[in-house]
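J.: Residue numbers (the working numbering), protein chains in the order written: chain A, 1 to 423; chain B, 1001 to 1131.
Mind looking over this structure? Questions follow.
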Amino acid sequence: MVPYPSFGSPTFSLVVKGLVELHRLINDGKGDSQEAEAVRDALDGPLKALNRTEKERAQWLSEDLYSVSAPTATIIQNAMNSTAQHRLIEALEARESRDWDRALALFRELKGQISPDLLSYNRGLVWDEADYPAIAAEFFNHASQIDPTNAHYRALYMQSLSLYEPETARNLAREVLANDRKHDPLVVAQAATIRFQETSSASDAQTVQLFRELIPIMERNLARVEADAGRPSNAAAYESTVGKLGIFYELLGNSSAAVDYFSRGLQVNPNNDGLLAARGVLLYGTGARAIADLERAAQLGSQLAWPYLFLAHHYLATSRFEDCRLMCETGLKVRGSDAVKSELEEWRAIAQAELGFPSDTVRAAFEAAVRLDASNELARRNHVFFEASLKAPSTRLQMKWEQKTAAAIRQFGLAERRFGVAA
Amino acid sequence: MDNLPVVGTTSSSELGARPGIDITVDAAGSVVLDSSGMSVAPEWRVIDFTRIPRRLRHIVPGATGANNTSCFTMGAGPFQSGVIANGLELIPDQGPAPITHGVIAPAQVVPEAQFQTDLANTRNAWQIDEA
């Protein structure tokens, strides 16, 4: 299951990659080169395979990418009139409702009426949300080049870059962290996030070493944020920095320090779903506070899988099957690893069985759980148990599913956060 | 630089057909009549935007083609199946209107070299059309 309808076919993704490459060559003055011609040749087939909507989208993307190389000094800024203001609101609403083609078209009409950096920033956000980090990075980088003082632009650029050119992003992150005092704290925190992602393929010893390198930098970063309350990026930098410190300490086994950092961030912003989820996961199984944190994160519509995963487990363990089913279904709509989705499918199957759903529905969920993660032995055994119960209906009232303990699911979540995406 | 197309088979912008890409050549060296050939369009604005020279971006947004190439037109007849020059026929794509693509293919099985010569012989019939 994917969270939202995709903004393009796999072929469209190929076209996007080629267009970004072609525009880079054009920007470098190599638009008439053999290299550019080879990119065009490679694009011929994919372009022909696009449907009309995708083809138009690709063509307008190509047009928008020209703005990245346009000399900003030549862009005439007209005063924003009421029509333009109305259009801007429409564009933002279209983005909010994930009507990305319309949002992009409306932003195009605003060219010359909003500042070029703001235009590129908004275009970047659209493509980022549509899951095209390569394009988002082009626009965020452009915004950052126009206004190098805007740390949000720079951080967003680095984040997008890390998704499609991770090695380049890692090198950039190393440069930032090597001279952290020269960069905005928000950019430093983003650099730490990128380096944290390295741990997904690092040994335990390398991970510990990396955290020991990053912790003093992040603590220095926190001190800078606290010392300069007037910086525009401070709130985001503070939340991101304490979040990183919390995760580093959590993964080093220092839970109390981790909880302290997460709590410090939540004092500043009680609605930071990432911090709520992080503290909820860390404290899961120890009391009501964890559940309250996770429920708050879920109420906030977090796009992280953790609140839904842990709440689904909690509701299952407390026989709140309808709540469990709903949490599983919400969790399956956000980004998460196959292992996480396998757990959610398994628990959905159990909740459905307990709620008396048709056996085919339950079976489909169990099968999805095993398909997503062949190593999910509990899903396999619970499926067998379910099938056996169908043959002896009298046992259905005394179903005894095998379930992970709170400690086991917490451990699972911890490992997934290290090997998955940083909170 | 005589405002006529460049004859060749190394680029899709040249007057010619690239073996293995635009046309299929059999073991005997003849062009296979499989409705493949040199790509053409009923008018230049409907060519893929990556093939339209960048200087025409004010007409076709997003155009990213090489500026050292041009858009050419040949004749003034309708874009429909039929012989268009000695040994050559136009085969528009199948499908609902409007048809935006077709190929110039050999009218009968010929050696690849003959097909390329037939295409090259049309060189003087092409003229730049970027209006």
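Heads up, the beta-carbon is just placed ideally off N, CA and C, and yes, glycines get one too.
Is A:ILE146 close to chain B, meaning its C-beta is less than 8 Å from at least one C-beta of that chain?
T.: Here the question's residue 146 of chain A lines up with position 146 in the first sequence. No, because no Cβ of chain B sits closer than 8 Å to the Cβ of A:ILE146.
J.: So, with DSSP's three-state summary, where would you put B:SER1039?
T.: Numbered from 1 along the second sequence, position 39 holds the residue referred to as residue 1039 of chain B. B:SER1039: strand per DSSP, three-state reduction.
J.: Sort out for me which residues DSSP pairs B:MET1074 with in a bridge.
T.: Taking the first residue of the second sequence as 1, we reach residue 1074 of chain B at position 74. BP columns for B:MET1074 point to B:TRP1126.
J.: Restricting to Cα atoms, I'd like to know which of B:VAL1006, B:ILE1104, B:PRO1092 and B:SER1070 is closest to B:ASN1086.
T.: Start at 1 with the first residue of the second sequence, and residue 1086 of chain B comes out as number 86. Of the candidates B:VAL1006, B:ILE1104, B:PRO1092 and B:SER1070, the one whose C-alpha sits nearest the C-alpha of B:ASN1086 is B:ILE1104.
J.: Counting pairs of Cβ atoms below 8 Å between the segment 221–237 of chain A and the segment 201–210 of chain A, do you hit three or more?
T.: Touching, no.
J.: Within 10 angstroms of its Cβ, does B:ASP1026 collect 16 or more other Cβ (buried), or is it exposed?
T.: Numbered from its first residue, the second sequence carries residue 1026 of chain B at position 26. Counting Cβ neighbours within 10 Å, B:ASP1026 comes out exposed, since fewer than 16 surround it.
J.: Okay, do the segment 128–145 of chain A and the segment 17–35 of chain A touch, 3+ Cβ pairs below 8 Å being the bar?
T.: Contact between the segment 128–145 of chain A and the segment 17–35 of chain A is present, because at least three Cβ pairs lie under 8 Å.
J.: Which of the three DSSP states, helix, strand or coil, is assigned to B:PRO1092?
T.: Looking up residue 1092 of chain B in the second sequence gives position 92. Residue state, collapsed to three classes: strand.
J.: What is the rounded straight-line gap between the Cα of A:LYS182 and the Cα of A:LEU282?
T.: Here residue 182 of chain A is taken as the residue at index 182 of the first sequence, counted from 1. Here residue 282 of chain A is taken as the residue at index 282 of the first sequence, counted from 1. Each residue's Cα considered, the two are about 33 Å apart.
J.: Does the ligand GDP have a heavy atom nearer than 7 Å to the CB of A:TYR315?
T.: The ligand GDP is not among the ligands present in this structure, which contains no ligands whatsoever.
J.: I need the DSSP call for B:GLY1065, collapsed to helix, strand or coil.
T.: Within the second sequence, the letter at position 65 stands for residue 1065 of chain B. Reduced to three states, the DSSP call for B:GLY1065 is strand.
J.: Should A:VAL268 be labelled buried (16 or more other beta-carbon atoms within 10 Å of its own) or exposed?
T.: On the first sequence, residue 268 of chain A is found 268 positions in, with the first residue counted as 1. A:VAL268 is exposed by the Cβ-count criterion.
J.: Tell me which residues share the same chain as A:GLY420 and place their Cβ nearer than 8 Å to its Cβ, disregarding the 5 neighbours each side in the sequence.
T.: As a first step, residue 420 of chain A must be located in the first sequence, where it is residue number 420. In this prediction, A:GLY420 scores a pLDDT of 48, lower than 50, which makes its location untrustworthy; the coordinate-derived value is nonetheless stated afterwards. Correct list, in chain order: SER200, GLY336, SER337 and VAL340.
J.: Determine, for A:LEU442, whether the minimum Cβ-Cβ distance to residues of chain B falls below 8 Å.
T.: Given a span of 1 to 423 for chain A in the structure shown, any question on residue 442 of chain A remains unanswerable.
J.: Just to check my reading of the structure: A:ALA192 and A:ALA237 have Cβ atoms closer than 8 Å, yes? What is that Cβ distance to the nearest angstrom?
T.: The residue given as residue 192 of chain A occupies position 192 in the first sequence. The residue given as residue 237 of chain A occupies position 237 in the first sequence. With 8 Å as the limit, A:ALA192 and A:ALA237 do not qualify as a contact, their Cβ atoms being about 11 Å apart.
J.: Any idea what DSSP makes of A:ILE247, helix, strand or coil?
T.: Along the first sequence, one-based indexing puts residue 247 of chain A at 247. In this structure, A:ILE247 counts as helix in the three-state DSSP scheme.
J.: Spell out a yes or no on whether the segment 1048–1061 of chain B and the segment 24–43 of chain A are touching, meaning 3 or more CB-CB pairs, one atom from each, closer than 8 Å.
T.: At 8 Å Cβ cutoff, the stretches touch.
J.: In whole angstroms, what is the alpha-carbon distance linking A:THR361 and A:GLU345?
T.: Locating residue 361 of chain A in the first sequence gives position 361, where the first residue counts as 1. Locating residue 345 of chain A in the first sequence gives position 345, where the first residue counts as 1. When rounded, the distance between both Cα atoms is 11 Å.
J.: Can you find a C-beta in chain B that's less than 8 Å from the C-beta of A:ALA36?
T.: Position 36 of the first sequence, counted from the first residue, corresponds to residue 36 of chain A. Judged by the 8 Å Cβ criterion, A:ALA36 is in contact with chain B.
J.: Check the C-beta distance from A:LEU92 over to A:TRP60 and give it rounded, since I have them as a contact under 8 Å.
T.: What you label residue 92 of chain A is simply residue 92 of the first sequence in a count that begins at 1. What you label residue 60 of chain A is simply residue 60 of the first sequence in a count that begins at 1. Actually they do not touch by this definition, with Cβ atoms about 19 Å apart.
J.: In whole angstroms, what is the alpha-carbon distance linking A:HIS23 and A:GLY265?
T.: Working through the first sequence from its first residue, we reach residue 23 of chain A at position 23. Working through the first sequence from its first residue, we reach residue 265 of chain A at position 265. Using only the alpha carbons, I get a separation of about 41 Å.
J.: Does the Cβ of A:ASN81 have 16 or more other Cβ atoms within 10 Å, making it buried, or fewer, making it exposed?
T.: The count along the first sequence starts at 1 and reaches residue 81 of chain A at position 81. It is exposed - the Cβ of A:ASN81 has fewer than 16 other Cβ atoms within 10 Å.
J.: In terms of alpha-carbon separation, which member of A:THR11, A:PHE310 and A:GLU402 lies closest to A:ILE350?
T.: Looking up residue 350 of chain A in the first sequence gives position 350. Checked all of A:THR11, A:PHE310 and A:GLU402; the closest Cα to A:ILE350 is A:GLU402.
J.: B:GLN1116 and B:PRO1009 - do their beta-carbons sit closer together than 8 Å?
T.: For the purposes of this step, residue 1009 of chain B is identified with residue 9 of the second sequence, where counting begins at 1. For the purposes of this step, residue 1116 of chain B is identified with residue 116 of the second sequence, where counting begins at 1. The question names Pro, yet the displayed sequence has Thr at residue 1009 of chain B. Against a cut-off of 8 Å, the Cβ pair of B:GLN1116 and B:THR1009 comes out as a contact.
J.: According to DSSP, is B:ILE1023 part of a helix, a strand, or is it coil?
T.: Numbered from its first residue, the second sequence carries residue 1023 of chain B at position 23. In the structure shown, B:ILE1023 sits in a strand (DSSP, three-state: E or B).
J.: Of the residues B:SER1035, B:THR1100, B:TRP1126 and B:VAL1109, which one's Cα is nearest the Cα of B:GLY1029?
T.: Here residue 1029 of chain B is taken as the residue at index 29 of the second sequence, counted from 1. Per the Cα distances, B:VAL1109.
J.: Who are the Cβ neighbours of A:VAL259 in its own chain at under 8 Å, not counting the five residues just before and after it?
T.: Taking the first sequence and counting its residues from 1, one reaches residue 259 of chain A at position 259. Same-chain partners within the cutoff: GLY246, ARG279, LEU282 and LEU283.
J.: Give me, in chain order, the residues of the same chain whose beta-carbon lies closer than 7 Å to that of B:ASN1003; leave out the 5 immediate sequence neighbours on both sides.
T.: Translated into positions along the second sequence, residue 1003 of chain B becomes position 3. Here the set comprises ILE1128.
J.: Can you give me the start and stop residues for the beta strand (DSSP E) that A:ALA227 sits inside?
T.: In the first sequence, counting from the first residue as 1, residue 227 of chain A sits at position 227. Element bounds for A:ALA227: not the beta strand (DSSP E) but the alpha helix (DSSP H), 204–227.
J.: Just reading off the alpha helix (DSSP H) that A:PRO232 is part of, what are its end residues?
T.: Against the first sequence, residue 232 of chain A aligns to sequence position 232. Note, A:PRO232: premise wrong, no alpha helix (DSSP H); not H, not E.
J.: Since A:GLY31 sits in a beta bridge, which residues does DSSP pair it with?
T.: Along the first sequence, read from residue 1 onward, the residue named residue 31 of chain A stands at position 31. Per DSSP, none; premise fails for A:GLY31.
J.: Under 8 Å, Cβ to Cβ, is there at least one residue of chain B near A:ARG40?
T.: Within the first sequence, residue 40 of chain A is the residue found at index 40, counting from 1. Yes, A:ARG40 counts as interfacial toward chain B.
J.: With 8 Å as the threshold, decide whether the Cβ of A:TRP127 is near any Cβ in chain B.
T.: Looking up residue 127 of chain A in the first sequence gives position 127. For A:TRP127, the answer is no, since every Cβ of chain B falls outside 8 Å of its Cβ.
J.: What is the residue span of the beta strand (DSSP E) that B:PRO1098 lies within?
T.: In the second sequence, counting from the first residue as 1, residue 1098 of chain B sits at position 98. First-last for B:PRO1098: undefined, no H or E at that position.
J.: Going by beta carbon distance, what residues of the same chain come within less than 7 Å of A:ARG174, once the five residues before and after it are set aside?
T.: The residue given as residue 174 of chain A occupies position 174 in the first sequence. Result list for A:ARG174: empty, nothing under 7 Å.
J.: Closer than 7 Å, Cβ to any Cβ of chain A: which residues of the segment 1032–1056 of chain B, in chain order?
T.: Of all residues in the segment 1032–1056 of chain B, ASP1048, PHE1049, THR1050, ARG1051 and ARG1054 have a Cβ within less than 7 Å of some Cβ in chain A.
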